[in-house]
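Numbering (the numbering used here), first residue to last: -11 to 82.
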Amino acid sequence: MQSLTSFTRRISVAGLAKLVEATAAVSELSRQLAVKERELAAATARADEVLVDVTASARAAETVKTQVQNVKDKAQTLVDDIAVRSLARALSRL
């Protein structure tokens, strides 16, 4: 009976030691998680700022593209008009 009691105490002590060890591990992992969550929040904030900048740049680029296309269309209209006038002049000389 005494060996059974001794065995039970050893198991209880070993089990308690494992629980203390597990509690310490959980505490450390919780601390690390809190640090990673702060790092993630900071990285997300920076990514959001970059996204705002990229979106603004894309809009500006689209505006410039539209303006360039308008100028190109006007230039093409002038070129076409000049070609028609030149052809009309050439035909009138014949």
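For glycine and all other residues, C-beta sits at the position ideal for the given N, C-alpha and C.
Going straight from the alpha carbon of residue i to that of residue j, what length do you get?
i           : j          : result
residue 29  : residue 22 : 11 Å
residue 66  : residue 44 : 33 Å
residue 57  : residue 35 : 32 Å
residue 81  : residue 72 : 14 Å
residue 75  : residue 59 : 24 Å
residue -2  : residue 12 : 21 Å
residue 4   : residue 31 : 40 Å
residue 79  : residue 53 : 38 Å
residue 48  : residue 20 : 42 Å
residue 143 : residue 64 : This structure cannot speak to residue 143, because the chain is shown only from -11 to 82.
Please determine whether the Cβ atom of residue i lies at a distance below 7 Å from any heavy atom of the ligand GTP.
i         : result
residue 7 : With respect to the ligand GTP, the structure offers nothing, as it holds no ligand at all.
Helix, strand or coil, according to DSSP, for residue i in the structure here?
i          : result
residue 7  : helix
residue 82 : coil
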